[in-house]
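Next up, the structure:
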């Protein structure tokens, strides 16, 4: 029994899925009107007929409808018939358990049998929605609600609103609107003739002088030098063929770029193969070995003093910047004096001068681990201590850089 009911429901759903070409729906309902058009109780009963034409090629169907109210009573006195004709486009949604929802919108004209100042003939716009419940493929119960807005007379200067609710029966007939499957064109059978395969000819498609059967690089560019396998030659064995190698004599084992040239990783102008300092900061001033150009520090002192002169501040700034930038360098600060005074005193004075420079560099951000100092006293003059100019040159410190 359950199987029979299931089969019946399935057959019914299939039949209802196929819309008929024409639908005629006699309807009855109630029109709830806006109060300003002088209709008693703000409403009246009506009846009508809707005719819908369905197409297999569109989900929107044209619908013509006529609605008639024989007696719409006025508030003041008297009554009037109201006749409406409308043309709508009806959009039909997919069937849900024999229910077919729809929505529609359109335009129409209203004729008032007994016109008043507030209620006259005119055009209207309408929009609505509803559903049909099919008992069979030819009969359905139809219910819908329609909103109607009619432009009132020029003196009123506004739209009158109407809300109409209707119910009725739909009679469907005519051919099914289900699209018919297109007939597939018949394939013409062509008798195949036997194909005679010619004997293969061993050519040289890329014209590099190596036959196709031996050519491991069958698409070599024109006019390039190839080896016995038909592949481009790489004379310096750097992985870049000669036709693309801008540096064709690279030393064996050197890492190259896509142009076959030595790589300069730190962009300092010295290729890696010659760069002793391969990680120089970008923009650094380097020597031929790719290392930062070293700075010097020579500071002179007044007689019997270890105070650094203000004029030496710029030299200290430059030296401190070098050491903070290149932390793989260390500096050994050596102090000196002239020969006036006792040698032991001069020894201690030279140590004070060296230590004063060390403390000044630390104050400018240099890591103390990068600095060492010592005093040489009067042991290593650079000028003649017999003259004032010579003694001035000997009262000094010198800095010695070491790269680690």
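Numbering (mature numbering (1 follows the signal peptide of the UniProt record, and there is no 0)), first residue to last: -17 to -1, 1 to 387. Where a beta carbon is used, it is the ideal one built from N, C-alpha and C, also for glycine. If you're wondering where the values come from, they're calculated on a predicted model, not measured in any experiment.
Does the beta carbon of residue 62 sit closer than 8 Å to a beta carbon anywhere in chain C?
Among the chains of the structure shown, chain C does not appear; only one protein chain is present.
Just mark residue 173 as buried or exposed, buried being the case when its beta carbon has 16 or more other beta carbons within 10 Å.
Here residue 173 corresponds to residue number 190 of the chain shown, with the count starting at 1. Flag for residue 173 reads exposed.
Between 4, 253, 68, 98, which lies nearest to residue 90 when the distance is taken from Cα to Cα?
Counting from 1 along the chain shown, the entry for residue 90 is found at position 107. Minimum Cα distance to residue 90 is reached at 68.
How is the alpha helix (DSSP H) around residue 62 delimited, first residue to last?
Indexing the chain shown from 1 puts residue 62 at position 79. Not the alpha helix (DSSP H): residue 62 falls in the beta strand (DSSP E), residues 62 to 75.
What's the gap between the Cα of residue 308 and the Cα of residue 248?
On the chain shown, position 325 is the one that residue 308 refers to. On the chain shown, position 265 is the one that residue 248 refers to. Using only the alpha carbons, I get a separation of about 19 Å.
Is residue 381 near residue 317, with beta carbons less than 8 Å apart?
Your numbering for residue 381 matches position 398 in the chain shown. Your numbering for residue 317 matches position 334 in the chain shown. Yes, the Cβ-Cβ distance between residue 381 and residue 317 is below 8 Å.
Given a threshold of 16 other Cβ atoms within 10 Å of its Cβ, counted over all protein chains shown, does residue 386 qualify as buried or as exposed?
Against the chain shown, residue 386 aligns to sequence position 403. Counting Cβ neighbours within 10 Å, residue 386 comes out exposed, since fewer than 16 surround it.
Please state whether DSSP places residue 372 in a helix, a strand or coil.
Taking the chain shown and counting its residues from 1, the one referred to as residue 372 is at position 389. Residue state, collapsed to three classes: helix.
To the nearest angstrom, how far is it from the Cα of residue 92 to the Cα of residue 131?
Here residue 92 refers to the residue found at position 109 when the chain shown is read from its first residue. Here residue 131 refers to the residue found at position 148 when the chain shown is read from its first residue. Between residue 92 and residue 131, the C-alpha separation is close to 11 Å.
Where are the beta strand (DSSP E) runs, 3 residues long or more, that stay fully inside the segment 99 to 136, in chain order?
Listed in chain order, the complete beta strand (DSSP E) runs (minimum 3 residues) inside the segment 99 to 136 are 105 to 117, 122 to 134.
Under the DSSP definition of a beta bridge, which residues are partnered with residue 95?
Here residue 95 refers to the residue found at position 112 when the chain shown is read from its first residue. 65, per the DSSP bridge assignment.
Run through the DSSP bridge pairs and tell me what residue 319 is partnered with.
If you number the chain shown from 1, residue 319 lands on position 336. Looking at the DSSP assignment, residue 319 forms no beta bridge with any residue, so it has no partner.
Once the 5 residues before and after residue 106 are set aside, which same chain residues still bring their CB inside 8 Å of it?
In the chain shown, residue 106 corresponds to position 123, counting from 1. Once the five neighbours on either side are set aside, the close Cβ partners of residue 106 are 90, 91, 92, 93, 133, 134.
How big is the Cα-Cα spacing for residue 357 and residue 322?
Counted from its first residue, the chain shown places residue 357 at position 374. Counted from its first residue, the chain shown places residue 322 at position 339. One C-alpha to the other measures close to 18 Å.
Check whether the segment 3 to 14 and the segment 24 to 37 are in contact - that is, three or more C-beta pairs closer than 8 Å.
The segment 3 to 14 vs the segment 24 to 37: in contact.
Out of curiosity, what's the CA-to-CA distance linking residue 39 and residue 52?
Taking the chain shown and counting its residues from 1, the one referred to as residue 39 is at position 56. Taking the chain shown and counting its residues from 1, the one referred to as residue 52 is at position 69. Distance between the alpha carbons of residue 39 and residue 52: 35 Å.
Quick check on the DSSP output: the beta strand (DSSP E) that includes residue 357 runs from which residue to which?
Position 374 of the chain shown, counted from the first residue, corresponds to residue 357. Per DSSP, residue 357 belongs to the beta strand (DSSP E) from 354 to 358.
Within 10 Å of its beta-carbon, does residue 291 have 16 or more other beta-carbons around it, so buried, or fewer, so exposed?
Within the chain shown, the letter at position 308 stands for residue 291. Buried, by the Cβ-count rule.
Buried or exposed for residue 191, going by 16 or more other Cβ atoms inside 10 Å?
The residue labelled residue 191 in the question sits at position 208 within the chain shown. Per the 10 Å Cβ criterion, buried.
Report the three-state DSSP secondary structure of residue -6 (helix, strand or coil).
Locating residue -6 in the chain shown gives position 12, counting from the first residue. Low per-residue confidence applies at residue -6: pLDDT is 45, beneath 50, and the placement is therefore not dependable enough to give any value.
Can you say whether residue 337 is buried or exposed, counting buried as having 16 or more other CB atoms within 10 angstroms of its CB?
Position 354 of the chain shown holds residue 337. That one is buried.
Buried or exposed: where does residue 185 fall if 16 or more other Cβ atoms within 10 Å of its Cβ makes it buried?
The count along the chain shown starts at 1 and reaches residue 185 at position 202. Label assigned to residue 185: exposed.
Work out the CA separation of residue 363 and residue 377 for me, nearest whole Å.
For this step, residue 377 is matched to residue 394 along the chain shown. For this step, residue 363 is matched to residue 380 along the chain shown. Spanning the two alpha carbons is a distance of roughly 8 Å.
Whose C-beta lies closer than 7 Å to the C-beta of residue 300 among residues of the same chain, with five residues either side of it excluded?
Here residue 300 refers to the residue found at position 317 of the chain shown. Closer than 7 Å at the Cβ level, and outside the excluded window around residue 300, lie 347.
Kindly list the residues whose CB is nearer than 7 Å to the CB of residue 360, restricted to its own chain and excluding five residues on each side of it in sequence; keep chain order.
Mapped onto the chain shown, residue 360 falls at position 377. Taken in chain order, the residues that qualify are 320, 326, 329, 330, 333.
Determine the direct distance from the alpha carbon of residue 109 to that of residue -12, and round the result to whole angstroms.
For the purposes of this step, residue -12 is taken as the residue at position 6 of the chain shown. For the purposes of this step, residue 109 is taken as the residue at position 126 of the chain shown. Caution is warranted here: a pLDDT of 43 is assigned to residue -12, below 50, making its placement in the model unreliable, and the coordinate value is therefore given only provisionally. Their backbone Cα atoms lie some 41 Å apart in a straight line.
With distances taken Cα to Cα, identify the nearest neighbour of residue 64 among 232, 265, 98.
For the purposes of this step, residue 64 is taken as residue 81 along the chain shown, with counting starting at 1. Nearest of 232, 265, 98 to residue 64, Cα basis: 98.
Who are the Cβ neighbours of residue 240 in its own chain at under 8 Å, not counting the five residues just before and after it?
The residue you call residue 240 lines up with position 257 of the chain shown. Once the five neighbours on either side are set aside, the close Cβ partners of residue 240 are 246.
With H, G and I counted as helix, E and B as strand and the rest as coil, what does DSSP make of residue 28?
In the chain shown, counting from the first residue as 1, residue 28 sits at position 45. Residue state, collapsed to three classes: strand.
Going along the chain, which residues of its own chain have a beta-carbon closer than 6 Å to the beta-carbon of residue 315, five neighbours each way excluded?
Counting from one through the chain shown, the residue named residue 315 turns up at place 332. Closer than 6 Å at the Cβ level, and outside the excluded window around residue 315, lie 355, 383.
Looking only at DSSP bridge pairs, what is residue 49 linked to?
Your numbering for residue 49 matches position 66 in the chain shown. Per DSSP, 32, 68.
Using the beta-carbon count (16 or more within 10 Å), is residue 342 buried or exposed?
Locating residue 342 in the chain shown gives position 359, counting from the first residue. Residue 342 is exposed by the Cβ-count criterion.
What number of angstroms, rounded off, separates the C-alpha of residue 296 from the C-alpha of residue 375?
Here residue 296 corresponds to residue number 313 of the chain shown, with the count starting at 1. Here residue 375 corresponds to residue number 392 of the chain shown, with the count starting at 1. Spanning the two alpha carbons is a distance of roughly 19 Å.
According to DSSP, is residue 335 helix, strand or coil?
On the chain shown, position 352 is the one that residue 335 refers to. Of the three classes helix, strand and coil, the one that applies to residue 335 here is helix, per DSSP.
Can you tell me where the beta strand (DSSP E) with residue 284 in it begins and where it stops?
Position 301 of the chain shown holds residue 284. It is not in any beta strand (DSSP E) - residue 284 carries neither H nor E in the DSSP assignment.
Excluding five sequence neighbours on each side, which residues of the same chain lie with their C-beta closer than 6 Å to the C-beta of residue 45?
In the chain shown, the residue the question calls residue 45 occupies position 62. These residues qualify, in order along the chain: 36.
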